Amino acid sequence: MEDRALVLGGGGPVGIAWELGLAAGLEEGGVRIAEASRIIGTSAGSFAGAALASGRPAEALVRAQVAQAERTAGARGSDAKPSQAPDLGPLMRFMAKRPTDREMPVELCAEIGAFALAAKTMPEEAFIASFGSLTSSGETWPRGFACTAVDAVDGSFHLWEMSSGAELGRAIASSCSVPGIFPPITIHGRRYIDGGMRSATNIDLAKGHRRVLAVAVLSNLAMDAMRASIQREIDVLKRGGATVELIVPDENCLAAFGNNLMDASRRGNVALAGVAQGRAEAKRIAAFWN
């Protein structure tokens, strides 16, 4: 078995900010989660995971989140029309069909994919570019990094990694392509959507590692349903001989999240709350990770 795996779950811009803040706070306490031999990211976790796996300092990534939030706040204070958090209502009606006792059916993923393909969104290239330098054409694939996506046509699940031959930027964007909000991403002639449609965490993909640190972006609105699927995925790893530690948002972070994980205006406060939680969790996680 391989040694350490890090699994970063999905959760929109709020999830990205929290996961990066958490990584920075843990690092202050001597826990470098980016040193995992395998980093698996879903949706928000694909961006956070790729950034950490590429060697970018967690503290600098947090500063960027705070700066982006300040720019957003500045725009809202000017004559510019304030941006609104995307409406997740249509997607949530699909997600309400998700079974709690078994894996997401491929047929339902395909149904969500059809919804995504029909939605009017920004162009693919604009969405890819929105992730900044991490998704530029010259960015190399970080060793040990993988991220998830779902085929928008047939609902099949895909794990992008170095051997897949996909551009890093397209792989990350496909994993973050929230149906109905962002465009499905073309890779190898097919269109892909958010890997969180299979699972918000995909913790079970770390099977084969001795120690797995799972980071799950629980939301205020879907906490009970997510806990059931998370436990089911953790049980898969434990049956395979793995030891698993789970980090979920503490009360302060949940308060910073609000009720819409797509609300990018919250990313600054969320990132700082994540740093504080990382500091508080460092001792517990160090005993497991170091």
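Residue numbers (the numbering used here): 221 to 510. Backbone N, C-alpha and C fix where the C-beta goes; we use that ideal spot for every residue, glycine too. Small disclaimer: the values here were computed from a predicted structure and weren't measured.
Exercise. Taking Phe267 as part of the alpha helix (DSSP H), name the residues at either end of that continuous run.
Key: 264-273
Practice problem: Measure from the alpha carbon of Asn440 to the alpha carbon of each residue in Gly231, Gly498, Ser257, Glu327, then state which is nearest. | Solution: Considering only alpha carbons, the answer is Gly231.
Quiz prompt | Contacts around Val282, its chain only, beta-carbon distance under 7 Å, and the 5 residues preceding and following it disregarded | solution = Leu240, Gly241, Ala244, Ala491, Val495
Practice problem: Check Thr406 in the structure and name its three-state DSSP category. | Solution: Thr406: strand per DSSP, three-state reduction.
Quiz item: Hey, is the stretch 377-396 in contact with the stretch 356-365, meaning 3+ C-beta pairs nearer than 8 Å?
Solution: yes
Quiz item: Considering only the beta carbon of each residue, do Ala278 and Phe365 sit closer than 7 Å?
Solution: no
Quiz item: Ser353 to Leu457, Cα distance in whole Å?
Solution: 34 Å
Exercise. Look at Arg452 and Ala289 and say whether their C-beta atoms are less than 7 Å apart.
Key: no
Exercise. Would you tell me roughly how many angstroms separate the C-alpha atoms of Val251 and Glu465, rounded to the nearest one?
Key: 14 Å
Quiz item: So what does Glu222 bridge to, in DSSP terms?
Solution: His429
Practice problem: Look at Ile405 and Ser419 and say whether their C-beta atoms are less than 7 Å apart. | Solution: Remark: C-beta atoms of Ile405 and Ser419 do not approach each other more closely than 7 Å.
Self-check item: Terminal residues of the beta strand (DSSP E) in which Ala369 lies
Solution: 365-371
Quiz prompt | Neighbourhood of Asp414 by C-beta distance below 6 Å, restricted to the same chain and skipping five residues each side | solution = Ser263, Ser397, Val398
Quiz item: Tell me which same chain residues have a C-beta within less than 7 Å of the C-beta of Pro403, skipping the five on either side of it?
Solution: Thr341, Met342, Pro343, Glu344, Phe347, Ser397
Quiz item: Any idea if Pro302 is buried or exposed, counting beta-carbon neighbours within 10 angstroms, 16 or more meaning buried?
Solution: Caution applies to Pro302, whose pLDDT of 49 falls short of 50 and renders its modelled position unreliable; the value that the coordinates give is listed next. Pro302 is classed as exposed because its beta carbon has fewer than 16 other beta carbons within 10 Å across all chains shown.
Quiz prompt | Nearest to Thr292 (by Cα), restricted to the options Ala349, Phe335, Asp483, Gly261 | solution = For the residues Ala349, Phe335, Asp483, Gly261, the minimum Cα distance to Thr292 belongs to Asp483.
Exercise. Return the Cβ separation of Glu222 and His429 in integer angstroms, given the expectation that the two are a contact with Cβ distance under 8 Å.
Key: 5 Å
Self-check item: First through last residue of the beta strand (DSSP E) which encompasses Gly333
Solution: First-last for Gly333: 326-338, but that is the alpha helix (DSSP H), not the beta strand (DSSP E).
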